[in-house]
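Some notes on the structure that comes next.
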Amino acid sequence: MYLEFFGFDKKPFELVPDPDFIYLSRSHRKAVTYLDYGIRERAGFLLLTGDVGSGKTTLIRDLIGKKYERVVLAKVFNTRVSIEQLLAMINEEYGMEVAGKDKVSLIRDLNDFLLGQYAAGNHPILIIDEAQNLEADLLEEVRLLSNLESSHNKLLQIILVGQPELRDTMASPGLMQLRQRISVSCHLHALSLDETQAYILHRMKVAGNAEAVHFTEEAVELIYRFSRGIPRLVNIICDFLMLAAFADEVRTVTAQMTEEVGADLDFERTYWGGGPDLPPEGGVVACGAGEEALGRIERRLETMENELSARLPQALKSVAETMQKMQADFSHRVAEQERRVAELGERLATVSSAVQGLALSAPDRPAAGFARRLMDGVGMGGKK
1 MYLEFFGFDK KPFELVPDPD FIYLSRSHRK AVTYLDYGIR ERAGFLLLTG DVGSGKTTLI
61 RDLIGKKYER VVLAKVFNTR VSIEQLLAMI NEEYGMEVAG KDKVSLIRDL NDFLLGQYAA
121 GNHPILIIDE AQNLEADLLE EVRLLSNLES SHNKLLQIIL VGQPELRDTM ASPGLMQLRQ
181 RISVSCHLHA LSLDETQAYI LHRMKVAGNA EAVHFTEEAV ELIYRFSRGI PRLVNIICDF
241 LMLAAFADEV RTVTAQMTEE VGADLDFERT YWGGGPDLPP EGGVVACGAG EEALGRIERR
301 LETMENELSA RLPQALKSVA ETMQKMQADF SHRVAEQERR VAELGERLAT VSSAVQGLAL
361 SAPDRPAAGF ARRLMDGVGM GGKK
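Under full-length UniProt numbering, read the sequence shown as residues 1 to 384, first letter to last.
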C-alpha cells in the first residue's frame with residue numbers, strides 16, 4: 001500500500017522470514033559463526049535456541065541459502081509427531097518412498113541412504129525446527145539417529161532449533177547422553193536499544209530506501225520498550241507506523257504516533273499477555289523474566305492448591321465433629337433443663353399438697369388461715 005509513497009521495492013517490515021533482511025546483531029553474528037563452524041567441521045549435534053520472534057528461522061534460512069560444499073539438507077518444521085511420523089518426514093525430505101513403512105523399515109532406508117551419501121562424498125544435514133515440541137523420549141530417538149555411522153564418521157549431522165524450553169527439556173536426567181553430544185550451542189538474545197535502531201534502518205535500506213522515514217529518538221525508544229527487542233515485534237509495530245505515516249502523508253515517526261499505535265494495538269495485552277510492566281527507558285530487557293515470575297506464581301498457587309486439597313478433608317471432618325459435639329452438648333443442656341423443670345414441678349406439687357392438707361385439718365388455727373391465703377395466691381384455693 002505504501003511502497004510507492006516511500007520508494008520501497010518491497011515491504012521492509014514483513015513478518016515472513018526473509019534471509020535478504022537478516023540483521024546480524026552481536027548475538028546473531030555469534031550464532032552464525034558458531035553454526036557455520038559446526039557445519040564445516042562436521043561437528044555432532046548443533047543447538048540453536050531463542051525466544052519467539054528472535055529470528056531463528058530467518059537465521060536458519062540464511063544458513064541453508066549458503067552453498068556449503070556437498071551438503072545435502074533435510075528440514076523438518078512440524079514436530080508434534082510420533083517417531084514414525086518424524087522418520088517418515090525426514091526420509092521424504094531426502095526423497096525416499098515412505099508410504100506403508102514401519103519404524104524399522106524407515107530407519108533401514110535412512111541408513112542405506114546415508115551410507116550412499118557418504119560413499120559419494122556428500123554431507124547430509126538434518127535441521128529440526130520448533131524442536132521444543134519434542135518430548136524427552138522423542139529427543140532420545142533423535143539422538144539414536146546420530147548413531148548411524150560408518151567405520152570412521154557419523155553419517156548424519158543434526159541441528160536442533162527451538163525456543164528456550166528446549167534447553168529445559170534437555171536438562172532432564174534421561175537426556176544426559178544427548179547433552180554430551182551437543183558440539184555447538186548458541187542462543188539468540190533480544191536486540192539492545194542501539195541494535196533496534198540499527199535493525200530498523202537496515203530493513204528500510206534492504207527494502208530500497210533507508211531514508212524513507214525518520215524515526216525520532218523517542219519513537220525508537222518506545223518501539224524498543226514495546227517490543228522488548230524482539231525482531232518480530234519490532235516488525236509488527238514498525239509496519240503499523242509506516243501505515244500511519246502514509247495515511248498522514250508524513251515522513252517522520254514521532255513518539256506520539258508510536259504511543260497511539262501501541263495503544264491501538266493494545267500491545268502489552270496482545271503480544272505480552274498483560275505481562276510485566278514496560279522496562280525503563282534505555283534499560284536492558286531481561287527476556288523471559290516476566291515468564292519466570294509468572295511461572296513462580298503459578299507454582300506457588302499450585303502448591304497452595306495442593307496443600308488446601310490435602311487439608312480440606314481433615315478441616316471438614318474437624319468442623320463436623322465440632323458441630324456434632326456442640327449439638328450433643330446443647331441436647332444435654334436442654335434435657336437437663338427439662339429435668340430440673342420437672343423436678344421443680346414435683347416439689348411444687350408436694351408443697352401444694354402439704355399446704356392443702358394443713359388448711360383442711362385445722363381450719364380454725366392461724367396457720368390454717370395462712371395456708372388458705374397461700375393457696376389462694378398460687379391459684380389452688382378455689383373461690384374466696
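Beta carbons: idealized from backbone N, C-alpha and C, even for Gly.
message = Quick check on DSSP: helix, strand or coil for Ile22?
response = coil
inquiry  = Between the region 130 to 149 and the region 23 to 34, can you find at least three pairs of beta-carbon atoms closer than 8 Å?
reply    = no
query = Would DSSP call His187 helix, strand or coil?
reply = His187: strand per DSSP, three-state reduction.
ask   = Between which two residues does the alpha helix (DSSP H) carrying Ile107 extend?
value = From DSSP, the alpha helix (DSSP H) with Ile107 extends over Lys103 to Ala119.
message = Only counting the same chain, and skipping five residues up and downstream in sequence, which positions put a Cβ closer than 7 Å to that of Pro19?
response = Thr58, Arg61, Asp62 and Gly65
request  = Per DSSP, which residues does Gln324 bridge with? Please list them.
outcome  = None, per the DSSP bridge assignment.
request  = Specify the secondary structure class of Ala244 as computed by DSSP and reduced to three states.
outcome  = helix
inquiry  = Taking the beta carbon of Val341 as the centre, do at least 16 other beta carbons fall within 10 Å, making it buried, or is it exposed?
reply    = exposed
inquiry  = DSSP has Leu63 in a bridge; who is on the other side?
reply    = Paired residue(s): none; Leu63 is not in a bridge.
query = Between the Cα of Pro124 and the Cα atoms of Ala320, Ile39, Cys186 and Arg26, which residue gives the shortest distance?
reply = Ile39
request  = Can you check DSSP and say which residues form a bridge with Gln157?
outcome  = Ile125
message = By the three-class DSSP mapping on this structure, what secondary structure does Ile182 have?
response = strand
message = If the criterion is Cβ atoms closer than 8 Å, does the pair Val76 and Glu93 meet it?
response = yes
task = Return the CA-CA distance between Val206 and Leu106, expressed in angstroms with no decimal places.
result = Going by the C-alpha atoms only, they are around 43 Å apart.
Closest by C-alpha distance to Gln157, when choosing among Ala171, Glu221, Val142 and Met242 = Val142
ask   = Based on the DSSP secondary-structure assignment, which residues constitute the bridge partners of Lys212?
value = Looking at the sequence shown, residue 212 is not Lys but Ala. In DSSP, Ala212 forms no bridge with anything.
Collapsed DSSP secondary structure at Pro279 in the structure displayed = Model confidence at Pro279 stands at a pLDDT of 43, short of 50, so the residue's coordinates are unreliable; what they give is reported in the following sentence. Here Pro279 sits in coil by DSSP.
inquiry  = Here's the rule I'm using: 16 or more other beta-carbon atoms within 10 Å means buried, otherwise exposed. How should Val253 be labelled?
reply    = buried
task = Report buried or exposed for Asn153, applying the criterion of at least 16 other Cβ atoms within 10 angstroms of its Cβ.
result = exposed
Cutoff 7 Å; reference Gln117; Cβ partners in own chain excluding five residues on either side = Val72 and Pro124
query = DSSP three-state call for residue 391: helix, strand or coil?
reply = The question about residue 391 has no answer, for the chain in this structure spans 1 to 384.
key: Under the three-state DSSP convention, the category Ala74 falls into   = strand
ask   = Mapping DSSP to helix, strand and coil, what is Phe45?
value = strand
key: Beta-carbon contacts of Thr44 that lie in its chain and below 6 Å, excluding the five residues immediately before and after   = The sequence as given places Gly at residue 44; Thr does not occur at that position. Arg181 and Ser183.
inquiry  = Tell me the residue span of the alpha helix (DSSP H) that contains Lys205.
reply    = Leu193 to Ala207
task = Identify the continuous alpha helix (DSSP H) that holds Tyr271 and give its terminal residues.
result = Phe267 to Trp272
request  = Compute the distance between the beta-carbons of Glu140 and Leu175, then report whether it is under 8 Å.
outcome  = yes
inquiry  = Just list the residues that DSSP pairs Thr252 with in beta bridges.
reply    = His214
key: Residues near Ile297 by beta carbon distance below 8 Å, same chain, minus five either side   = Low confidence applies to Ile297: its pLDDT is 41, below 50, so where it sits in the model is not reliable enough to give any reading.
key: Gly100 - DSSP class collapsed to helix/strand/coil   = coil
message = So, for Leu243: in the same chain, excluding its five sequence neighbours on each side, which residues have a beta-carbon less than 8 Å away from its beta-carbon?
response = Met1 and Tyr2
task = Could you check the C-alpha separation between Pro12 and Lys67 for me, to the nearest Å?
result = 26 Å
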